[in-house]
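Protein chains: 2
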Amino acid sequence: MPRVVKHPEDRRSELLDCAQALFFEQGYERTTISDVIAKAGISKGGFYHHFASKEDLLEALAARLAKDAVARVRDILEDPALGALARLNGFLARSRQMKIEDAPKLRAAFDVVFRPENIVLYHRVNGASIAVMLPVLTRIIAEGQAEGIFAVPAPEAAAEIILHLGASTHDAVARTIAVSGTPAEAAAIEALDARFQFLGLAVDRILGLPDGSVIFVEPGFTHAVMTAR
Amino acid sequence: MPRVVKHPEDRRSELLDCAQALFFEQGYERTTISDVIAKAGISKGGFYHHFASKEDLLEALAARLAKDAVARVRDILEDPALGALARLNGFLARSRQMKIEDAPKLRAAFDVVFRPENIVLYHRVNGASIAVMLPVLTRIIAEGQAEGIFAVPAPEAAAEIILHLGASTHDAVARTIAVSGTPAEAAAIEALDARFQFLGLAVDRILGLPDGSVIFVEPGFTHAVMTAR
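As they're listed, the protein sequences go chains G and P. Mapping of the first sequence onto this note's numbering: position 18 corresponds to residue 88, and the numbering continues sequentially without gaps. Mapping of the second sequence onto this note's numbering: position 130 corresponds to residue 200, and the numbering continues sequentially without gaps.
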């Protein structure tokens with residue numbers, strides 16, 4: 071049988087696929103480089119050609135997830151028919167992959183990323199995502215400013231704050247996951263949803279918009295994700 | 071020489087002192103439990119009587135730092151002469167130990183906590199601090215709401231967002247530290263200070279206050295900390 075020689079980019083991408091599957095299955099801390107090598111069916115030397123360490127692998131994975139997220143918002147950025155507020159709401163909905171049909175997949179990822187032992191994973195993925203999103207959201211805000219829709223003196227600083235708002239709900243999400251399937255679940259989901267709606271209000275006010283303009287998460291989204299199994 | 075028998079709380083506190091000194095000197099990642107044991111002059115069994123692991127030590131240290139911070143704001147909370155806005159500004163100034171005379175000590179801590187390898191230390195210290203501060207800031211906001219000074223529907227959610235705003239400047243602080251002592255330093259400090267002033271504006275707006283009401287950091291503070299050696 072002839073040996074299949076793969077393109078280095080394909081190999082790298084395959085390694086990232088294997089790492090992502092293992093991190094999501096058994097957690098970042100519990101996954102070893104040997105696990106990734108075994109799953110990918112690659113030599114040790116082959117692995118180290120692409121990545122220096124497990125942390126390096128995680129950084130690359132976070133960057134890839136962020137690039138995917140930016141690809142999902144591209145059409146919104148380029149649609150001349152959208153005003154600044156519609157563009158911002160579209161960006162918030164899409165960049166977070168907040169579509170109700172994605173709920174079960176998203177829930178499985180949440181269960182892992184929000185485990186206390188995966189706090190490093192959470193912050194690296196979040197940080198890499200923010201770095202990629204920042205110029206995109208800055209552009210949306212600067213355009214809205216030019217259109218006279220937003221009233222905020224520093225578009226880039228505003229964008230950085232808005233992108234970081236999500237992390238303020240980390241503990242509320244973790245608490246909701248912790249009571250999943252117990253009688254306390256319904257109340258926890260309601261509280262979490264109120265928390266997400268409040269983030270929309272915070273964004274309204276930071277951008278000088280009337281309360282109720284920005285939709286941080288779609289109605290029904292919190293319930294759909296949190297009750298998905 | 072008689073053996074000095076110390077109270078367990080004193081021992082615990084001494085271990086935390088040693089750990090804090092080592093973490094700040096050589097970084098969290100590079101400090102081992104053996105280093106802490108050697109510095110404290112305690113037996114291995116004595117150490118494990120108090121802490122199960124290095125992570126456990128870090129959690130306890132973060133909780134102690136947060137308790138100290140709350141002690142610094144107590145008089146502000148209990149001063150009946152202060153209105154809600156003065157109480158909020160006092161809380162922001164004191165809880166962050168943002169006094170210009172503290173600059174050199176604070177700068178030394180910043181240099182360590184903002185190193186990329188200490189991102190876990192940063193988030194645990196920040197998280198433990200937020201957990202302790204949350205009920206305090208919630209109370210300030212709820213009182214301001216009752217006084218008719220603040221206009222925000224959910225005091226606790228607002229407090230949680232405000233406490234998380236600081237983390238949105240993590241990268242700006244790290245960037246400023248990275249160019250310390252180079253010709254790029256002055257511009258980086260100016261940009262960081264503008265970033266902190268903008269956080270004040272974000273808090274104004276979230277709480278329904280006129281722009282310019284909340285002082286997130288004292289004037290001159292950023293320059294004092296960042297140029298302290």
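Ideal placement from N, C-alpha and C gives every residue a C-beta, glycine not left out. Keep in mind it's a predicted model, so treat the numbers as computed, not measured.
Report the residues of the stretch 252-279 of chain G with a CB closer than 8 Å to any CB of chain P, ordered along the chain. For the stretch 252-279 of chain G, the set of residues with a beta-carbon nearer than 8 Å to any beta-carbon of chain P comprises Ala-264, Arg-265, Phe-268, Leu-269, Leu-271, Ala-272, Arg-275, Ile-276 and Gly-278, in chain order.
Ile-189 of chain G CB to nearest chain P CB: under 9 Å? If you number the first sequence from 1, residue 189 of chain G lands on position 119. At least one chain P Cβ lies under 9 Å of Ile-189 of chain G.
What are the start and end residues of each continuous alpha helix (DSSP H) run of 4 or more residues lying completely inside the stretch 222-259 of chain P, in chain order? 225-235 and 240-248
Taking 7 Å as the limit between beta carbons, can you name the residues of its chain near Gln-90 of chain P, skipping five residues before and five after? Numbered from its first residue, the second sequence carries residue 90 of chain P at position 20. Excluding residues within five positions, the ones whose Cβ falls inside 7 Å are Leu-131.
Secondary structure at Glu-217 of chain P, three-state DSSP: helix, strand or coil? Your numbering for residue 217 of chain P matches position 147 in the second sequence. Coil at Glu-217 of chain P, not helix or strand.
Which bits of chain G does Ile-231 of chain P rub up against, with CB to CB less than 8 Å? The sequence position of residue 231 of chain P within the second sequence is 161, counting from 1. In chain order: Leu-235, Ser-238, Phe-268, Leu-269 and Ala-272.
Report yes or no: do three or more beta-carbon pairs, one from the stretch 229-249 of chain P and one from the stretch 189-207 of chain P, lie closer than 8 Å? Contact between the stretch 229-249 of chain P and the stretch 189-207 of chain P is present, because at least three Cβ pairs lie under 8 Å.
Closer than 8 Å at the beta carbon, the chain G residues around Ala-212 of chain P: As a position in the second sequence, residue 212 of chain P is number 142, starting the count at 1. Going along chain G, no residue has its Cβ under 8 Å from Ala-212 of chain P, so there is no contact; the nearest lies around 15 Å.
Neighbouring residues, chain B, relative to His-120 of chain P (Cβ below 8 Å): Given the protein chain composition of this structure (G and P), no chain B is represented.
Assuming Val-106 of chain P and Leu-92 of chain P make a contact with CB atoms under 8 Å, what is their CB distance in whole Å? Looking up residue 106 of chain P in the second sequence gives position 36. Looking up residue 92 of chain P in the second sequence gives position 22. Confirmed, Cβ separation roughly 6 Å.
For Leu-92 of chain G, which three-state DSSP category applies? Taking the first residue of the first sequence as 1, we reach residue 92 of chain G at position 22. Three-state result, Leu-92 of chain G: helix.
Could you check what DSSP says for Gly-153 of chain G in three-state terms: helix, strand or coil? Counted from its first residue, the first sequence places residue 153 of chain G at position 83. Of the three classes helix, strand and coil, the one that applies to Gly-153 of chain G here is coil, per DSSP.
For Thr-102 of chain G and Cys-88 of chain G, I'd like the C-alpha separation in whole angstroms. As a first step, residue 102 of chain G must be located in the first sequence, where it is residue number 32. As a first step, residue 88 of chain G must be located in the first sequence, where it is residue number 18. Straight-line Cα distance between these residues: approximately 12 Å.
Under 9 Å between C-beta atoms, does Asp-241 of chain G make it to chain P? Position 171 of the first sequence, counted from the first residue, corresponds to residue 241 of chain G. By this cut-off, Asp-241 of chain G is an interface position.
Where does Pro-205 of chain G fall in DSSP's three states? Position 135 of the first sequence, counting from 1, holds the residue named residue 205 of chain G. Pro-205 of chain G: helix per DSSP, three-state reduction.
What residues in its chain sit with their C-beta under 6 Å from that of Leu-277 of chain G, if we drop five residues either side in the sequence? Position 207 of the first sequence, counted from the start, is the residue given in the question as residue 277 of chain G. Around Leu-277 of chain G: Phe-220 and Val-222.
Assigned exposure category for Pro-15 of chain P - 16 Cβ within 10 Å defines buried: Not covered by the structure: residue 15 of chain P. The range shown for chain P is 71 to 299.
Using a beta-carbon distance below 9 Å, is Arg-194 of chain P in contact with chain G? Stepping through the second sequence from its first residue, residue 194 of chain P is reached at position 124. Cβ-Cβ to chain G under 9 Å: yes for Arg-194 of chain P.
Ala-91 of chain G touches chain P at which residues, Cβ-Cβ below 9 Å? Locating residue 91 of chain G in the first sequence gives position 21, counting from the first residue. Within 9 Å Cβ-Cβ: nothing; Ala-91 of chain G doesn't reach chain P, min ~24 Å.
With distance defined between alpha-carbon atoms, name the residue in G:Val-143, G:Glu-84, G:Val-206 and G:Ala-261 nearest to Phe-121 of chain G. Numbered from 1 along the first sequence, position 51 holds the residue referred to as residue 121 of chain G. Here the closest residue by C-alpha is G:Glu-84.
Do Leu-262 of chain P and Ala-242 of chain P have their CB atoms nearer than 9 Å? Residue 262 of chain P sits at position 192 when you count from the first residue of the second sequence. Residue 242 of chain P sits at position 172 when you count from the first residue of the second sequence. Result yes, Cβ atoms of Leu-262 of chain P and Ala-242 of chain P sit closer than 9 Å.
Val-287 of chain G CB to nearest chain P CB: under 9 Å? Within the first sequence, residue 287 of chain G is the residue found at index 217, counting from 1. No, because no Cβ of chain P sits closer than 9 Å to the Cβ of Val-287 of chain G.
From this set, P:Ala-154, P:Ala-139 and P:Ala-298, which residue's C-alpha is nearest Gly-214 of chain P's C-alpha? On the second sequence, residue 214 of chain P is found 144 positions in, with the first residue counted as 1. Of the candidates P:Ala-154, P:Ala-139 and P:Ala-298, the one whose C-alpha sits nearest the C-alpha of Gly-214 of chain P is P:Ala-154.
Cα-Cα separation between Tyr-192 of chain G and Arg-142 of chain P, rounded to whole angstroms: Taking the first residue of the first sequence as position 1, residue 192 of chain G is located at position 122. Taking the first residue of the second sequence as position 1, residue 142 of chain P is located at position 72. Between Tyr-192 of chain G and Arg-142 of chain P, the C-alpha separation is close to 31 Å.
Is there at least one Cβ from chain G nearer than 9 Å to Gly-218 of chain P's Cβ? For the purposes of this step, residue 218 of chain P is identified with residue 148 of the second sequence, where counting begins at 1. Interface flag for Gly-218 of chain P against chain G is unset, since no Cβ pair is found closer than 9 Å.
Can you name the start and end residues of the alpha helix (DSSP H) that Glu-125 of chain P belongs to? Looking up residue 125 of chain P in the second sequence gives position 55. Note, Glu-125 of chain P: alpha helix (DSSP H), 124-148.
is_contact[Pro-302 of chain G, chain P] using C-beta, thresh 9 Å: Missing from the structure shown is residue 302 of chain G; chain G here goes from 71 to 299 and no further.
Hey, does Gly-197 of chain G have any beta-carbon neighbour from chain P nearer than 9 Å? Taking the first sequence and counting its residues from 1, the one referred to as residue 197 of chain G is at position 127. With 9 Å as the cut-off, Gly-197 of chain G counts as an interface residue toward chain P.
Would you check if the stretch 133-140 of chain P and the stretch 109-118 of chain P touch, i.e. whether three or more CB-CB distances between them fall below 8 Å? Contact fails between the stretch 109-118 of chain P and the stretch 133-140 of chain P, because fewer than three Cβ pairs, one in each stretch, are under 8 Å apart.
In terms of residues, what are the limits of the alpha helix (DSSP H) holding Ser-104 of chain P? Position 34 of the second sequence, counting from 1, holds the residue named residue 104 of chain P. Segment 103-110, the alpha helix (DSSP H) holding Ser-104 of chain P.
Would you mind stating whether Ala-227 of chain P and Ala-229 of chain G have Cβ atoms separated by less than 9 Å? Translated into the one-based positions of the second sequence, residue 227 of chain P becomes position 157. Translated into the one-based positions of the first sequence, residue 229 of chain G becomes position 159. No, the pair does not count as a contact, with Cβ atoms beyond the cut-off.
Let's see if you can read the secondary structure: which residues bound the alpha helix (DSSP H) around Gly-116 of chain G? Stepping through the first sequence from its first residue, residue 116 of chain G is reached at position 46. Looking at the DSSP string, the run of the alpha helix (DSSP H) that includes Gly-116 of chain G is 114-120.
On the CB-based measure, 16 or more other CB atoms within 10 Å of its CB, does Thr-208 of chain G come out buried or exposed? Mapped onto the first sequence, residue 208 of chain G falls at position 138. Thr-208 of chain G is buried by the Cβ-count criterion.
Only counting the same chain, and skipping five residues up and downstream in sequence, which positions put a Cβ closer than 6 Å to that of Met-296 of chain P? Stepping through the second sequence from its first residue, residue 296 of chain P is reached at position 226. Once the five neighbours on either side are set aside, the close Cβ partners of Met-296 of chain P are Thr-246 and Ile-259.
Between G:Asn-188, G:Ile-112, G:Pro-150 and G:Arg-177, which lies nearest to Glu-99 of chain G when the distance is taken from Cα to Cα? For the purposes of this step, residue 99 of chain G is taken as the residue at position 29 of the first sequence. Checking every option, the nearest Cα to that of Glu-99 of chain G belongs to G:Asn-188.
For the stretch 143-166 of chain P, list every residue whose C-beta sits within 7 Å of some C-beta in chain G, in sequence order. Taking 7 Å as the Cβ-Cβ cut-off against chain G, none of the residues of the stretch 143-166 of chain P qualify.
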